[in-house]
Amino acid sequence: MARIVATLGVAHAPGVTGWIDKAPQHEQDGVLAGYTRFRELMDELRPDVVIGVANDHLLNFPLDNIPDFCVGIGEQWNGPAPWFRDWLNVPDYTVRGHRDMARALVRESAKAGINHAFADKLLFDDNWSVPLKFLFPRYDVRFIPIHMNPIVPPIPSAAHCYAVGETLARIVQAFPSDERVVVMGTGGLSHDPGGKDYFTVHEDFDRWFLELMESGDAERVRRELTFDKMLTGGDGGAGELLAWVVAMGAASVAGNTRAQTVFYVPSVPMRCGMGGCYWPQA
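The sequence shown lines up with residues 11 to 292 when you count with the numbering used here.
Given below as structure tokens:
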């Protein structure tokens, strides 16, 4: 059976590839060192498959018809989408998909009472272009993208996201292969794209959220991570952290709910609280 070897949550803000040179040197060094540590962890773990969960950024779905989760079932993915190439400053890339496992995630989730949309074509922006560039620079893994809606009400609750992660992990563990799998939630931390807090980082919110992940307390996550609470980290931005809650749910099934923070850098020039954590598995 397939095995989850780690789950992680990490920022995907476009500033880290598009305009990191605008940040002070110590912020650049801290962010790049953090991503380097994640890449080293992935090199140590040697995953065969990465299941990613992240905000769709209204790129693939209309504003009035956004699924909570859409699983990418394609055999190959290309990025970044043309409009984002110059902005992201990320070269074009291709990464293999995993149609069989992706279809299993859709089919078996439905049997468990959680229905997901699915698509064999999806456009990628910073949601995948940033973390793939830093964590898997050779693009030598099989990748299953799961696009979610954490910004347009009604958004899925923290409890639902945790349950989605638990279900995904159980399906992976029952999948008939010997593949090593990483579950990667991307997004956040505090930011407010184009909003009143566009040039503000809410460090108190970020440190609260990272401590929440470190606590491993699922009931506290379900209770405290409300829509109103996420708004205090930036309207339209901090809600992306629900992807990390999916990862936490998956980690609980794989055997560890307590995350370890890898790095945190509050960066106004990058317009985001930059950071990440991971849940090591036995």
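No residue lacks a Cβ here, since even glycine has one placed at the ideal position from N, Cα and C.
Close-in-space but distant-in-sequence residues of the same chain around residue i (CB under 6 Å, 5 per side omitted)
i	result
Ala-264	Ile-14, Ala-179, Gln-291
Pro-160	Asn-65, Gly-249, Glu-250, Leu-252
Ile-30	Gln-38
Val-60	Val-151, Phe-153, Val-192, Met-194
Trp-254	Gly-19, Gly-195
Ser-277	Ala-33, Glu-37, Met-284
Glu-85	Gly-107, Arg-109
Where the beta strand (DSSP E) through residue i begins and ends
i	result
Tyr-274	270-277
Gly-283	282-290
Phe-79	79-82
Ala-64	59-65
Residue i: first and last residue of the uninterrupted alpha helix (DSSP H) it sits in
i	result
Phe-215	213-225
Thr-27	25-28
Ala-21	Neither: Ala-21 is in no alpha helix (DSSP H) and is coded neither H nor E.
Thr-46	35-55
For residue i, the residue or residues it bridges with in DSSP
i	result
Asn-88	Thr-104
Ile-14	Val-191
Gly-175	Per DSSP, none; premise fails for Gly-175.
Thr-196	Val-20, Ala-64
For residue i, the nearest candidate out of the options (CA to CA)
i	options	result
Leu-68	Pro-203, Trp-29, Leu-222	Pro-203
Thr-236	Thr-196, Ala-184, Ala-168, Leu-142	Ala-168
Asp-188	Met-194, Met-111, Phe-134, Lys-206	Met-111
Arg-56	Tyr-208, Phe-146, Ala-184	Phe-146
Asp-216	Thr-242, Arg-233, Arg-230	Thr-242
| request: Can you check the stretch 90-167 for any alpha helix (DSSP H) of at least 4 residues that lies completely inside it and give the ranges in chain order? | output: 95-98, 109-121, 136-145
| task | At 4 residues or longer, and completely inside the stretch 224-267: list those alpha helix (DSSP H) runs for me, N to C. | result | 228-234, 237-241, 252-264
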